[in-house]
Amino acid sequence: MATEYQYATARPDLVLATDLDGTFLGGSVEDRRALYNWVQAERSRVALVFVTGRDPDFISALCASGDVPAPDYVIGDVGTTIARFENLTLHPIAALEAPILRRWHGKPELVRTRLAAVRGLWLQPVPFRHRLSYQYDDRFNSDSLTVLDGLGVDILISHGCFVDILPEGVSKGPSLLRLLDHLKLPSTQVLVAGDTMNDLSMFQTGLHGAVVGGAETELLEATRALPLAYHCRAPGAGGILEAIRAHSLVSSSPEVQP
Ligand SMILES: [Mg+2]
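Here the working numbering is used: position 43 in the sequence shown is 571, and no number is missing along the way.
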């Protein structure tokens with residue numbers, strides 16, 4: 529049976545910490561097949577962490593479909609869920625989630641109340657753990673989010689249509705660093721990958737990065753000066769393969785199908 533520390537002594541050659549939509553799940557059919565097959569073939573030396581805005585139910589269903597390799601760990605809900613993944617189920621790591629829970633306590637009701645009257649903004653129809661996620665249309669003006677001032681929450685606008693409300697200081701990057709520290713995984717062997725602004729905090733960690741092809745313009749701008757945030761030509765899975773080679777993170781790099 530796996531434990532929380534299953535990679536602590538094995539020291540994987542690569543820890544792939546990847547966003548899902550538009551990144552691990554993006555790109556051509558051939559590139560996705562090449563990446564997933566390579567990860568499966570190299571599981572003894574490649575640790576896989578999903579770092580996503582998606583909720584636990586979505587991730588379990590995705591892995592149950594057999595379409596993607598199952599991860600070892602999941603940072604879900606835009607960084608507010610931190611879990612081990614086993615038997616198609618997320619097992620939250622209480623020690624890592626405790627400070628997130630404390631910061632979120634009492635906030636959801638206040639946020640919902642204050643945002644209820646904002647034009648063109650509505651809650652997404654998904655379960656929430658320690659965050660609230662909204663969607664907006666062209667009636668929405670981001671100035672209206674000043675109603676949240678002083679609440680102790682962070683606001684993340686991405687994709688031109690999503691607003692995530694998170695506990696202050698909690699996002700994908702900081703949660704990933706806390707997981708790596710907890711597992712004693714070597715940060716020099718980590719590749720983070722993403723395509724939108726809710727991935728920016730991962731690139732700001734200073735870890736090796738793959739900003740995959742087709743990324744959001746704002747993310748490309750925000751990561752241009754970060755030396756390890758490699759801007760890939762290929763979208764999605766192909767970009768991840770490209771960045772693994774560009775950063776020389778493993779001794780035998782995966783091949784991309786022509
Ligand atoms: Mg994405």
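Beta carbons: idealized from backbone N, C-alpha and C, even for Gly.
Under the three-pair Cβ rule at 8 angstroms, the stretch 607-620 counts as touching the stretch 584-596. Positions of the beta strand (DSSP E) runs, each at least 3 residues long and wholly inside the stretch 683-713, are given as 690-695 in order along the chain. In this structure, the straight-line span from the alpha carbon of residue 766 to that of residue 563 is close to 8 angstroms. Listed in chain order, the non-local C-beta contacts of residue 759 below 7 angstroms within the same chain comprise 739 and 748, local neighbours out to five positions each way being set aside. Taking 8 angstroms as the cut-off, one finds no heavy atom of ligand 1 near enough to the beta carbon of residue 704.
In the DSSP assignment, residue 661 falls within the unbroken beta strand (DSSP E) covering 660-664.
Here DSSP, grouped into helix, strand and coil, assigns residue 540 to coil.
Annotation for residue 577: the continuous beta strand (DSSP E) segment containing it runs 574-579.
With fewer than 16 other Cβ atoms inside 10 Å of its own Cβ, residue 557 counts as exposed. Straight-line measurement puts the Cα of residue 686 at about 25 angstroms from the Cα of residue 618.
Judged by DSSP in its simplified three-state form, residue 590 adopts helix.
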